[in-house]
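Residue numbers (this note's numbering), protein chains in the order written: chain A, 19 to 522; chain B, 4 to 313.
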Amino acid sequence: MFKRMCLMFVVLLLAVGCAFAQGDTLTVVMAADSKSLDPHAAPDLSSTSVMTQMMESLVTIDSGGNIVPLLAESFEKLDDLRYKFVLRKGVRFHNGEELTAEDVKYTFTRAVRTGKVIDYVVRNIDIEHIEILDDYTIIVPSLTPDSSFLACLSHYCAGVVLNQKAVDAAGERVGMQPVGTGPYKFVSWQKGNRVVLERFEDYWGDKAKTPNLVFRTITEGTNRCIELETGGADIVQSLLPVDVNRVVDNPKLTLLRLPAPVVMYLGMNVSNEPLSDIRVRRAITLVVDNRPIVKIAFRGVGLPARGPVPPTIKYYDPTLPEILPDVEKAKALMAEAGYKEGLKMELWCRDEKTYIDTATIIQNQLKQIGIDLSIQVMEWGAFLEKLKQREQQLYLQAWNSVIADPDYSLFGVFHSSQKLTGLNRGVYGNPEVDKLLEEGKRVSDGPEREAVYHRLQHMIADDVAWGFLHVNELLIGMSENVRGFLFDPSGNHKYYQVYFDQAK
Amino acid sequence: MWRYVLRRLCYLLPIFIGISFFVFFMLHMTPGDPARLMLGDAATETSVQELRQEMGLNDPFLMQYGRYIKNAVRGDIGKSYITKSPVAHEVLQAFPATLRLALFAISIAILIGVPLGILSAIHQYSLLDNVAMGFALIGISMPVFWLGLLLILLFCVWLGWFPASGFDTFRQMVLPAVTLSTPSLAIISRISRSSMLEVVRQDYICMARAKGQVEWRVIWNHALGNALIPIVTIVGLQFGGLLEGAVVTEAVFAVPGIGSLLVEAIKTRDYPMVLGGVLFIGVVFSLVNLVVDILYAYIDPRIKARYQNG
Numbered sequence: 019m020f021k022r023m024c025l026m027f028v029v030l031l032l033a034v035g036c037a038f039a040q041g042d043t044l045t046v047v048m049a050a051d052s053k054s055l056d057p058h059a060a061p062d063l064s065s066t067s068v069m070t071q072m073m074e075s076l077v078t079i080d081s082g083g084n085i086v087p088l089l090a091e092s093f094e095k096l097d098d099l100r101y102k103f104v105l106r107k108g109v110r111f112h113n114g115e116e117l118t119a120e121d122v123k124y125t126f127t128r129a130v131r132t133g134k135v136i137d138y139v140v141r142n143i144d145i146e147h148i149e150i151l152d153d154y155t156i157i158v159p160s161l162t163p164d165s166s167f168l169a170c171l172s173h174y175c176a177g178v179v180l181n182q183k184a185v186d187a188a189g190e191r192v193g194m195q196p197v198g199t200g201p202y203k204f205v206s207w208q209k210g211n212r213v214v215l216e217r218f219e220d221y222w223g224d225k226a227k228t229p230n231l232v233f234r235t236i237t238e239g240t241n242r243c244i245e246l247e248t249g250g251a252d253i254v255q256s257l258l259p260v261d262v263n264r265v266v267d268n269p270k271l272t273l274l275r276l277p278a279p280v281v282m283y284l285g286m287n288v289s290n291e292p293l294s295d296i297r298v299r300r301a302i303t304l305v306v307d308n309r310p311i312v313k314i315a316f317r318g319v320g321l322p323a324r325g326p327v328p329p330t331i332k333y334y335d336p337t338l339p340e341i342l343p344d345v346e347k348a349k350a351l352m353a354e355a356g357y358k359e360g361l362k363m364e365l366w367c368r369d370e371k372t373y374i375d376t377a378t379i380i381q382n383q384l385k386q387i388g389i390d391l392s393i394q395v396m397e398w399g400a401f402l403e404k405l406k407q408r409e410q411q412l413y414l415q416a417w418n419s420v421i422a423d424p425d426y427s428l429f430g431v432f433h434s435s436q437k438l439t440g441l442n443r444g445v446y447g448n449p450e451v452d453k454l455l456e457e458g459k460r461v462s463d464g465p466e467r468e469a470v471y472h473r474l475q476h477m478i479a480d481d482v483a484w485g486f487l488h489v490n491e492l493l494i495g496m497s498e499n500v501r502g503f504l505f506d507p508s509g510n511h512k513y514y515q516v517y518f519d520q521a522k
Numbered sequence: 004m005w006r007y008v009l010r011r012l013c014y015l016l017p018i019f020i021g022i023s024f025f026v027f028f029m030l031h032m033t034p035g036d037p038a039r040l041m042l043g044d045a046a047t048e049t050s051v052q053e054l055r056q057e058m059g060l061n062d063p064f065l066m067q068y069g070r071y072i073k074n075a076v077r078g079d080i081g082k083s084y085i086t087k088s089p090v091a092h093e094v095l096q097a098f099p100a101t102l103r104l105a106l107f108a109i110s111i112a113i114l115i116g117v118p119l120g121i122l123s124a125i126h127q128y129s130l131l132d133n134v135a136m137g138f139a140l141i142g143i144s145m146p147v148f149w150l151g152l153l154l155i156l157l158f159c160v161w162l163g164w165f166p167a168s169g170f171d172t173f174r175q176m177v178l179p180a181v182t183l184s185t186p187s188l189a190i191i192s193r194i195s196r197s198s199m200l201e202v203v204r205q206d207y208i209c210m211a212r213a214k215g216q217v218e219w220r221v222i223w224n225h226a227l228g229n230a231l232i233p234i235v236t237i238v239g240l241q242f243g244g245l246l247e248g249a250v251v252t253e254a255v256f257a258v259p260g261i262g263s264l265l266v267e268a269i270k271t272r273d274y275p276m277v278l279g280g281v282l283f284i285g286v287v288f289s290l291v292n293l294v295v296d297i298l299y300a301y302i303d304p305r306i307k308a309r310y311q312n313g
């Protein structure tokens, strides 16, 4: 009996896989596993950063924030609504099919009909009136005039082009069998562990430099850093702020700190007393100093925010004034508003350490003007559910401009039509702001549109709709011998030009 | 015997219904809207409402539960809200990692824990006994995540002997298994010790020694057999517990097992996935218990006799 048990134990130990070959393989570590590799089903970063290597959109955004051609050789705005695209010839999908205008029509129709999760990106595509002029020319109209339309079509998952044959062939398993036109193609996916990709030899452009690309999932933050230190990973997509110094101090590793289009703000529900009074809101922003928040809660990662538009998004206004703390002025404003004796208030936030730390710092700062703040920490799902009721007073939230256009940064969160069922959770409304937001949608890119958005940023800051706290930074760690990394502000970095410097 | 097994298997049905109802109820009581979490922060309330309607989340609780049971009886326990793939498939894909980890960990716990407990019992109050039981106390008290991080620090960062995460190669499995086995090892060694202590004081052990039997035979043949029932019980319970997915250990070492799957599903309110996962664990746990009960019969002839009558 005992012998047999020992034998079983040995067999068990031997039965466990084999080592994974290194050399021609780039290993990238993510914080979470992909949810699905169907671009119309999962717009979260851990899914899209894998898809980005395999799929491409008609147009894309270059490092300067301009819309440039990708699968479309050229594009043209015909009138307020219609955009004409001329497709690149000889582009192949991973299944061997050639890219044609039919694929584009099919993909956008599918995106609008079935893509509930990407509805906010594609809802303005007028799928009924897509016109195919020939195999390589297509007109895609929008339902309403919208200057951010091309930015929407460049979206890293809602904008990519699929092939109907491939989607039909995969059937129910479409999320597990992605097919695109990108420089890498799909090999395998072990849930919760790794996604393996290999170079697509028939790629139309510059072929991928490293033959194999592996995405691994490590949820525990510090372990991601250890994996980088011990050589188990070449690139780590999201390091924790606490690990920054360890990477910087290690001569074998490099740290990249890159601005992300995410603004964290102190939300204020203006529909109820006392926050309906602008003097109270202004008093709050005059004592909430965001510099210690960046320094302590975020350990020096990121920047103090000055306005609602992230600095990486076009038409960000760098002339917005820095708000410096002024306790005396704040006290006077509180007294003027009739709250000389101070008052009690609630602050809601999600159960993440940086948010809880930020809330605690704000709690302390608000004591200076007699506001007794109680902090309610909620689990993310519960937090969103509670915000829906619009019963919050102060709340901590972050807004990620996943569509790289100021319209997306502002419209949903500040237009008064979004007060009840949209994202305008502060129930803020200003007719003049509304008018400018609508104008920003209509006017074509250029100095006129820039002026509109600059004015908007000042007006929103003057109305004290939000307390601007923090602009996020992406922390990317990589081995020192990694070259050719292409940064993307949305976090969907491109790995196809990455190679190893063999001399190192 | 077989009738007994069959009867026990029939008990699975009420367990199944009980668990599913309880979990379903708890999920619906928990704040957080699956549709909202699916669509994310950026979606408008209108599209969330549309999706709720489409998913049938606006129906009364009992109607939703009834629909779930109706499909489950037909063998369909639903599709994940998030990944859209069948829950059964996802759970079965995650289970091998958990099973390997649990088998590895329980092997370590048995191979070290049982001999350690026996030795401690034989040499009661000796230095060995004190040291072993001291370690057992530490093993039970130490939080697994902390132990895991310490092991990573020592063996990955400083010594560089083992990789810090992943679960594909044998070397990757050593640290998670050692970490996970520690509390079980401690409990098993303590139970082995106390169970042996009780047995070695019996008259028949004294008798065996009196007739001149060599000491190791006294222990191996006469004492261990009788001390085995509590040990098997605790091993069974521990193993069942390990199979539930060691959430913390899996997270620390990035093991793609049931534990990680469930935590992610709970966070996103992926109702079908949580239900499927918990049901699967419930069934596995019941089966492990059944195996333990059958093992009793092989260890103790008195129990076997009772099965044959019942």
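Glycine included, every Cβ here is placed at the ideal spot set by N, Cα and C.
Residue 396 of chain A and residue 97 of chain A have their alpha carbons spaced roughly 48 Å apart. Each residue's CA atom was taken as its position, placing residue 179 of chain A and residue 234 of chain A some 25 Å apart. Counting the other CB atoms within 10 Å of its CB gives residue 12 of chain B a total below 16, which places it among the exposed residues. At a cut-off of 9 Å between beta carbons, residue 50 of chain A contacts chain B. If the five residues before and after residue 262 of chain B are omitted, its C-beta is found closer than 6 Å to the C-beta atoms of 248, 249, 250, 253, all from its own chain and listed in chain order. When C-alpha distances from residue 126 of chain A are compared across A:182, A:165, A:498, the shortest belongs to A:182.
Membership of residue 363 of chain A in any alpha helix (DSSP H) is not indicated; the residue belongs instead to the beta strand (DSSP E) covering 361 to 368. Here residue 341 of chain A is not near residue 376 of chain A, since their CB atoms are 9 Å or more apart.
Contact annotation: residue 234 of chain B and residue 198 of chain B have beta-carbon atoms nearer than 9 Å.
Rounded to whole angstroms, the gap between the alpha carbons of residue 18 of chain B and residue 76 of chain B is 14 Å. Counting every other CB atom within 10 Å of its CB across the protein chains shown gives residue 490 of chain A a total of 16 or more, marking it as buried. Judged by their CB atoms, residue 230 of chain A and residue 44 of chain A are nearer to each other than the 9 Å cut-off. The three-state reading of DSSP puts residue 488 of chain A in strand, counting E and B together. The Cβ atoms of residue 411 of chain A and residue 345 of chain A do not sit closer than 9 Å to each other. Going by DSSP, residue 94 of chain A is part of no alpha helix (DSSP H) but of the beta strand (DSSP E) stretching over 90 to 95. Taking one beta carbon from each stretch, the stretch 228 to 243 of chain B and the stretch 151 to 164 of chain B have fewer than 3 pairs nearer than 8 Å; the two do not touch. Our two residues, residue 301 of chain A and residue 390 of chain A, have alpha carbons roughly 14 Å apart in a direct line. Note that the C-beta distance between residue 81 of chain A and residue 281 of chain A is not below 9 Å. Separation of the CB atoms of residue 194 of chain B and residue 237 of chain B is rounded to 5 Å, and the pair is thereby assigned contact status at 8 Å. With the criterion set as a beta carbon lying under 8 Å from some beta carbon of chain A, the members of the stretch 130 to 161 of chain B are 152, 155, 159, 160, in sequence order.
Per DSSP, the beta bridge partners of residue 285 of chain A are A:413, A:484. Excluding sequence positions up to five before and after residue 347 of chain A, its CB lies within less than 7 Å of the CB of 304, all in the same chain and listed in chain order.
DSSP places residue 263 of chain A outside any beta strand (DSSP E); the residue lies instead in the alpha helix (DSSP H), whose first and last residues are 262 to 267. In chain order, 126, 127, 130 place their CB closer than 7 Å to the CB of residue 145 of chain A, counting only its own chain and leaving out the 5 sequence neighbours on each side. Judged by their CB atoms, residue 191 of chain B and residue 269 of chain B are not nearer to each other than the 9 Å cut-off. The beta carbon of residue 338 of chain A sits closer than 8 Å to the beta carbons of 324, 325, 475, 476, 479 from its chain, once the five residues preceding and following it are set aside; these are given in chain order. Contact annotation: residue 400 of chain A and residue 35 of chain B have beta-carbon atoms nearer than 9 Å. If you look at residue 102 of chain A, you'll find it in the beta strand (DSSP E) that goes 100 to 105.
Secondary structure note for residue 206 of chain B: its alpha helix (DSSP H) is the uninterrupted segment 206 to 213. Interface criterion not met: the Cβ of residue 81 of chain A is under 9 Å from no Cβ in chain B. For residue 192 of chain A, the CB contacts under 6 Å within the same chain, skipping 5 residues up- and downstream, are 56, 185 in chain order. Just so you know, the alpha carbons of residue 61 of chain B and residue 55 of chain B end up roughly 6 Å apart. Residue 457 of chain A carries a helical assignment under DSSP once its states are collapsed to helix, strand and coil. Closest in alpha carbon position to residue 25 of chain B, among B:290, B:285, B:293, is B:285. As the crow flies, the alpha-carbon of residue 79 of chain A is around 9 Å from that of residue 87 of chain A. The stretch 214 to 223 of chain A makes no contact with the stretch 137 to 151 of chain B: fewer than 3 CB pairs, one atom from each, lie closer than 8 Å.
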